[in-house]
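Asks: Can you read through this structure? Questions will come right after.
Numbering (my numbering), first residue to last: 396 to 508.
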């Protein structure tokens with residue numbers, strides 16, 4: 396039960412601020428936290444969480460989504476877009492536009508049938 400978001404155009408450092416807050420929580424707690432956090436990264440992460448829940452229902456035949464917890468929520472660096480900014484005396488500085496690769500893995504609570 397997993398979902399992957401590739402090459403999202405926001406730096407991994409900013410995404411990790413949100414991901415670390417919801418790691419290890421239940422699906423309901425994570426949705427509540429993501430809806431209340433004032434960060435831009437919460438929008439694609441909520442969409443990714445809903446996608447993982449839909450994958451669990453469709454592929455794993457999970458009936459009770461309240462029993463799902465976030466097992467692994469990882470943000471890795473994706474492709475880096477390199478741009479240049481002109482500077483004085485004909486030189487240029489390099490600007491790195493970073494992207495994120497987010498992996499979300501859900502599992503069922505232990506001890507439930």
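Cβ coordinates follow ideal geometry from the N, Cα and C atoms, glycine included.
Within the same chain, show all residues whose beta-carbon is closer than 8 Å to that of residue 472, passing over the 5 residues directly before and after it, in chain order.
Replies: Within the same chain, residue 472 has close Cβ partners 407, 493, 494, 495, 496.
Asks: For the structure I just gave you, are there three or more beta carbon pairs, one from the region 424-438 and one from the region 474-488, closer than 8 Å?
Replies: Counting Cβ pairs under 8 Å, fewer than three are found: no touch.
Asks: Under a Cβ-count criterion, where at least 16 other Cβ atoms within 10 Å of its own Cβ denotes burial, should residue 413 be classed as buried or exposed?
Replies: The residue is buried, with at least 16 neighbouring Cβ atoms inside 10 Å.
Asks: Where do the ends of the beta strand (DSSP E) carrying residue 480 lie?
Replies: Per DSSP, residue 480 belongs to the beta strand (DSSP E) from 463-481.
Asks: Span of the alpha helix (DSSP H) holding residue 442?
Replies: Counting along the chain, the alpha helix (DSSP H) containing residue 442 begins and ends at 437-454.
Asks: Tell me which residue opens and which closes the beta strand (DSSP E) that residue 504 is part of.
Replies: Counting along the chain, residue 504 falls outside any beta strand (DSSP E), and DSSP gives it neither H nor E.
Asks: Give me the Cα-Cα distance between residue 465 and residue 504, rounded to the nearest whole angstrom.
Replies: When rounded, the distance between both Cα atoms is 10 Å.
Asks: Residue 416 and residue 447: beta carbons closer than 8 Å?
Replies: No, these two residues do not count as a Cβ contact at 8 Å.
Asks: Tell me which residue opens and which closes the alpha helix (DSSP H) that residue 408 is part of.
Replies: Where residue 408 is concerned, the enclosing alpha helix (DSSP H) stretches over 407-417.
Asks: Please identify the residue among 476, 498, 456, 460 whose C-alpha is closest to the C-alpha of residue 421.
Replies: Comparing Cα positions, the closest option is 460.
Asks: With distance defined between alpha-carbon atoms, name the residue in 409, 452, 410, 481 nearest to residue 501.
Replies: Measuring from the Cα of residue 501, the nearest candidate turns out to be 452.
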